[in-house]
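One structure below.
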Amino acid sequence: MSVPEDRRYSKEHEWALAEPDGLVLVGITDFAQHELGDVVYVELPKPGDRVTRDAQMGEVESVKAVSELFSPVSGEVSAVNEEVKNAPELLNESPHEKGWLIRVKPDDPAELDTLLDAAAYTALIE
Amino acid sequence: MVPFAGYDMPVQYAGVLAEARAVRTAAGIFDVSHMGRFAVDGPDARALLDWVHTADVGEAMPMGRARYGLLCNESGGIIDDAIVYRLGEERFMIVANAANAPKVFAWLERWRGERFPDATLTDRTAGIAMVALQGPTATSIAAQVAGFDPEAVRPFNVVETDVMGAPALIARTGYTGEDGVEIMPASETASALWRALMDAGAAPCGLGARDALRLEAALLLHGSDMDENVNPIEAGLGRFVRLEHDFCGADAVRAAAENGTPRVLAGFRTAERGPAPRAHHRILVDGSDAGEVTSGSYSPYLDTNIGLGYLPKEASEPGTPITVDVRGRLIPAQITPLPFYKRSR
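Just so you know, the sequences run in chain order F and G. In terms of the working numbering, the first sequence opens at residue 468 and continues consecutively. In terms of the working numbering, the second sequence opens at residue 2 and continues consecutively.
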């Protein structure tokens, strides 16, 4: 199971990656996509929507089940990955890269430091 | 692994979509040993099965033939769907759904006691395993691994043979819409057979792929798409009923066939990929409640969502626009002819 060290993790199996311009990229973890199985549908917020840490921001449906997506940070959605809407399999194929979900302008950039680091998340899923 | 009718069953091995693709393009194997296998033997065996089964298990059923049909209660409600295999003059096997197996055995036992005492019933579920090998390359793999002869054993036929050195049945039947076989070996040889089939290129498949494939082929699932509250005519299974013969529930089924039924099972597909309709989601026609989904899923073959549901007859015509309420979202869909998938021959 891949757990990149460049980002932070929530207990709900989302990752948050701080970008150089101060925005935060959000997606689901490799562990999450593995547990979900083949993803067939993703529902995401729209640009301009507010997301709140640990609150539902969308849902992901696999051939097995429907699961809620929880935002790992609070802020305003600045972009949404339109590609995963048309090709939800990107969440399985590339959960940390091409399968990113939303880009958020965080209310408090320091909030990321309160999430799990790679080592703590690895311990959680082991 | 998930609990299923008292068995621990794998939902998936490599992934539902990869497994479904393997079955449509090459071959997959499913462990379906959980299904109930009952031997019915003796002078009254044929008459007993002919009475409980809607298909023709009577005079016209040749040796080595398999017939799909329904078991109905006295009011024509579907107790289970099952395949009857004729192995000899007075030797038969019937394969029932796992969840219904105890009920089906009791049903057979009841009629044996009341009307067909010269039949014996034996539950062979534990002693015999069952592996479905399905897909365009399935019969050639069966030939290679189990000495199966696809020219001699045509679809819906069965042969008694030896597999891995032990007696086994090989039936040219399945639940995926593909050509293939269901192998029933002695339980002791099942693991070796499974490994040999994998080595020959068959992909292990779980319940997830089985459900997606059977829905694409519009093969109904008892307990979801049919139950004791519907008769075979409503369920669109009239072709598996021989109305001319005397079977339990025949009067009710004949009446339904003659007069039609107010509701029938229909298939639909959504206009776009989106959230998938699932069992019990409401179906609306012209904005009003018209029924509910009995099975629904993403279809890997059609790359859209498909489903089944009971609808008023007038709303069940192909082309009729419907709406499915998927967790509060109204998803546009259209009635389509069944099956959703039919293999090219």
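All C-beta atoms in this analysis are idealised placements derived from N, C-alpha and C, irrespective of residue type, glycine included. Everything numeric in this text was worked out from a predicted model, so none of it was measured.
F/Tyr508 versus chain G: which residues are under 8 angstroms apart at the beta carbon?
-> Arg274, Gly275, Pro276, Ala277 and Tyr299
F/Gly504 at chain G interface by Cβ criterion, 8 angstroms | yes
Which of helix, strand or coil DSSP assigns to F/Met524 | strand
Work out the CA separation of F/Arg475 and G/Asp163 for me, nearest whole Å.
-> Their Cα atoms are separated by approximately 58 angstroms.
Closer than 8 angstroms, CB to CB, is F/Glu560 near chain G or not?
-> Closer than 8 angstroms: no.
Cα separation between G/Tyr14 and G/Gly207?
-> 6 angstroms
Members of the stretch 539–552 of chain F near chain G, C-beta cut-off 7 angstroms = Those would be none; no residue qualifies.
Confirm, please, whether the CB-CB distance from G/Gly268 to G/Ile307 is below 8 angstroms.
-> It is a contact, given that the beta carbons lie within the stated cut-off.
Which of helix, strand or coil DSSP assigns to G/Ala267 = strand
Proximity test, Cβ basis, 8 angstroms: F/Val530 and chain G = yes
Take the Cβ of G/Tyr86 as the centre, count every other Cβ of all protein chains shown within 10 Å, and call the residue buried at 16 or more, exposed below.
-> buried
Entirely within the stretch 174–219 of chain G and at least 4 residues each: give me those alpha helix (DSSP H) ranges in chain order.
-> Counting only runs of 4 or more residues that sit fully inside the stretch 174–219 of chain G, the alpha helix (DSSP H) segments are 191–200 and 208–217, in chain order.
Amino acids of chain F, ordered along the chain, whose beta-carbon sits closer than 7 angstroms to that of G/Gly89 | The contacting residues do not exist; G/Gly89 stays about 42 angstroms from chain F at best.
Residues, ordered as in the chain, of the stretch 6–23 of chain G that lie near chain F by beta-carbon distance below 7 angstroms = Answer in chain order: Val12, Gln13, Gly16, Val17 and Leu18.
Nearest to G/Ala277 by alpha carbon, out of F/Ser469, F/Arg520, F/Tyr508 and F/Pro562?
-> When each option's Cα is compared against that of G/Ala277, the closest is F/Tyr508.
Is G/Ala28 near the ligand ATP, in the sense that its beta carbon is under 7 angstroms from a heavy atom of that ligand?
-> In the structure shown, the ligand ATP is absent, as is every other ligand, since no ligand is present at all.
Compile a chain-ordered list of the residues in the stretch 204–224 of chain G whose CB is closer than 9 angstroms to at least one CB of chain F.
-> Gly209, Ala210, Asp212 and Ala213
Can you give me the Cβ contacts of F/Asn559 inside the same chain, cut-off strictly under 7 angstroms, excluding the 5 residues immediately before and after it?
-> Closer than 7 angstroms at Cβ, skipping near neighbours: Gln500, Asp505 and Val506.
Candidates G/Val182, G/Gly178 and G/Arg264, of which the one nearest G/Ala169 by Cα | G/Val182
So what's F/Tyr501 in DSSP terms, helix, strand or just coil?
-> In the sequence under discussion, the amino acid at residue 501 of chain F is His, which differs from the Tyr named in the question. Of the three classes helix, strand and coil, the one that applies to F/His501 here is helix, per DSSP.
What does F/Trp482 pair with, by DSSP beta-bridge criteria?
-> F/Tyr476 and F/Gly494
Do you know offhand how far G/Asp9's Cα is from G/Met131's?
-> 15 angstroms
Proximity to G/Leu18 [Cα-Cα], best of G/Asp304, G/Leu331, G/Asp326 and G/Leu309 = G/Asp304
Quick one: measure Cβ to Cβ for F/Pro573 and F/Glu481, integer angstroms, because I've assumed they're closer than 8 angstroms.
-> Not really, about 14 angstroms apart at Cβ, beyond 8 angstroms.
Comparing the C-beta of G/Val33 with each C-beta of chain C, is any distance below 8 angstroms?
-> In the structure shown, chain C cannot be found, because the protein chains are F and G.
Among F/Trp567, F/Ile592 and F/Pro576, which residue has its Cα nearest to the Cα of F/Val493?
-> Comparing alpha carbon positions, the residue from F/Trp567, F/Ile592 and F/Pro576 closest to F/Val493 is F/Trp567.
What residue does the alpha helix (DSSP H) around G/Val105 start on, and which one ends it?
-> Element bounds for G/Val105: Ala102 to Arg116.
If we ignore side chains and look at the alpha-carbon of each, how far apart do F/Pro471 and F/Ala585 end up?
-> Rounded to whole angstroms, F/Pro471 and F/Ala585 show a C-alpha spacing of 7 angstroms.
Is it buried or exposed for G/Leu331, if we count other Cβ within 10 angstroms and need 16 for buried?
-> exposed
Taking DSSP as the reference, what is the three-state secondary structure of F/Ile592?
-> Helix, per DSSP.
When you compare only the Cα positions, how much space is there between G/Leu194 and G/Thr321?
-> 47 angstroms
Excluding the five sequence neighbours on either side, which residues of its own chain have a C-beta within less than 8 angstroms of the C-beta of G/Asn158, listed in chain order?
-> These residues qualify, in order along the chain: Gly65, Arg66, Ala67, Ala172 and Arg173.
Going by beta carbon distance, what residues of the same chain come within less than 7 angstroms of G/Ile142, once the five residues before and after it are set aside?
-> Ala28, Leu134, Leu198, Ala201, Gly202 and Ala203
Taking the alpha-carbon positions, what's the G/Trp52 to F/Leu557 distance?
-> 53 angstroms
Taking the alpha-carbon positions, what's the F/Leu503 to F/Val491 distance?
-> 24 angstroms
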